[in-house]
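Worksheet: the structure to be examined is printed underneath.
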Amino acid sequence: MAVLLEKSFPVEAGAYTTAGEASTTIKRTLKQLGISADVLRHVSVACYEVELNLVIHSLGGTLTLLVDPEKVTLISKDIGPGIPDIDKAMTEGFSTANEEARTLGFGAGMGLPNMKRNATEFDIQSEVGVGTTITMCFALG
Amino acid sequence: MTIREVAKIVEGKILTGGDRMDEPVDTACGSDLMSDVLAFVKEKTVLITGLINPHVVRTAEMLDITCIVFSRGKMPSEEILEMADEIGMTIISSPMTTYTACGELYIHGLPGTKKKQEGV
Numbered sequence: 022m023a024v025l026l027e028k029s030f031p032v033e034a035g036a037y038t039t040a041g042e043a044s045t046t047i048k049r050t051l052k053q054l055g056i057s058a059d060v061l062r063h064v065s066v067a068c069y070e071v072e073l074n075l076v077i078h079s080l081g082g083t084l085t086l087l088v089d090p091e092k093v094t095l096i097s098k099d100i101g102p103g104i105p106d107i108d109k110a111m112t113e114g115f116s117t118a119n120e121e122a123r124t125l126g127f128g129a130g131m132g133l134p135n136m137k138r139n140a141t142e143f144d145i146q147s148e149v150g151v152g153t154t155i156t157m158c159f160a161l162g
Numbered sequence: 076m077t078i079r080e081v082a083k084i085v086e087g088k089i090l091t092g093g094d095r096m097d098e099p100v101d102t103a104c105g106s107d108l109m110s111d112v113l114a115f116v117k118e119k120t121v122l123i124t125g126l127i128n129p130h131v132v133r134t135a136e137m138l139d140i141t142c143i144v145f146s147r148g149k150m151p152s153e154e155i156l157e158m159a160d161e162i163g164m165t166i167i168s169s170p171m172t173t174y175t176a177c178g179e180l181y182i183h184g185l186p187g188t189k190k191k192q193e194g195v
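Chains A and P are the protein sequences, given in the same order.
To convert, take the position in the first sequence, counting from 1, and add 21; that gives the numbering used here.
To convert, take the position in the second sequence, counting from 1, and add 75; that gives the numbering used here.
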């Protein structure tokens, strides 16, 4: 399927102040493309959750937005540390977030399950010492 | 209920977004945990919170929340107000505690948000 738009955003580990800026830009970009409010909200929530995860848990990574006529795709790819037990990480309430994240109101162990709930398709691949890649697709129309 | 009525019920001071006072809200959510807000909330919701940081506005923007009530008379920073102003979000500061503000809105007919169902 022809890609209409592709944009990548580097996300720095521990950058709590700027966390969410990529998601804000992605939301505004998709809004300009005329994506429906409902789909836009699902993409925005999942995007913000995954960006926060990159800031809170990863050693740094990249968030990529792809748009084609049928779907919006978000790919989060980090450089580690990787998730030892994905099933456990997907459980609501399980969290390894630090105090700083919790002070800001995050790190309640809702992120990954919430991404899965909002995306039409959700895939997570992770290897300890290598990194984690999350791919989410959101059907248009 | 309109944002104007929300402000009146919580005895709030309007800090930004005064031009959106006649917009409707259908539900409310009271929480200091943005993780929960991201998991529970849908559009046309008022967020009542005692947590003050820029991520509250960012979380609300992702969810299309148009009105935030900061409880217990807390005053957000200029940075927070500028962020909200830029996206046309209404910020209200209420002298009530989160519990009381939620209770007052509830008894005036504003229901709570429900958790999203799988695939919805």
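Note that beta-carbon positions come from the ideal geometry of N, C-alpha and C, so glycine has one too.
In the assembly as shown, Leu133(A) is a buried residue. Its beta-carbon has 16 or more other beta-carbons within 10 Å. The criterion of a C-beta distance shorter than 8 Å is satisfied by Ile167(P) and Ala82(P). Among the residues of chain A, those whose CB is under 7 Å from the CB of Ala114(P) are Met131 and Asn135, following chain order.
Just measuring C-alpha positions, the residue of Ala110(A), Pro105(A), Asp99(A) and Lys137(A) sitting nearest Thr83(A) is Asp99(A). Val131(P) reaches chain A at Gly126, counting residues in chain order whose Cβ is nearer than 8 Å. Distance between Asp144(A) and Ile127(P), taken at the CA atoms: about 34 Å. Beta-bridge partners assigned by DSSP to Ile123(P): Gly105(P) and Val144(P).
The beta-carbon distance between Ala103(P) and Leu180(P), rounded to whole angstroms, is 5 Å. This is short enough to meet the 8 Å contact definition. Counting other Cβ atoms within 10 Å of its Cβ, Leu25(A) stays below 16 and is therefore classed as exposed.
Residues of chain A with a Cβ closer than 8 Å to the Cβ of Ser146(P) do not exist, since the nearest Cβ in that chain sits about 14 Å away. Taking one beta carbon from each stretch, the stretch 131 to 143 of chain P and the stretch 106 to 116 of chain P have 3 or more pairs nearer than 8 Å; the two touch. At least one CB of chain P lies nearer than 8 Å to the CB of Lys48(A).
Of the candidates Leu80(A), Glu70(A), Gly81(A) and Leu75(A), Glu70(A) places its Cα closest to the Cα of Arg133(P). Spanning the alpha carbons of Ile47(A) and Ala67(A) requires a straight line of approximately 11 Å. Look at Glu113(A) here: in three-state DSSP terms it is coil, with no helix or strand label.
Annotation for Pro31(A): the continuous beta strand (DSSP E) segment containing it runs Leu26 to Val32. The alpha-carbon separation between Ser146(P) and Arg62(A) amounts to approximately 26 Å. In the DSSP assignment, Lys117(P) falls outside any alpha helix (DSSP H), carrying neither H nor E.
At a cut-off of 8 Å between beta-carbon atoms, Val151(A) makes no contact with chain P. In terms of CA proximity to Val144(P), Thr173(P) leads the group Glu136(P), His130(P), Thr173(P) and Ser152(P).
Secondary structure of Ser169(P) (DSSP, three-state): coil.
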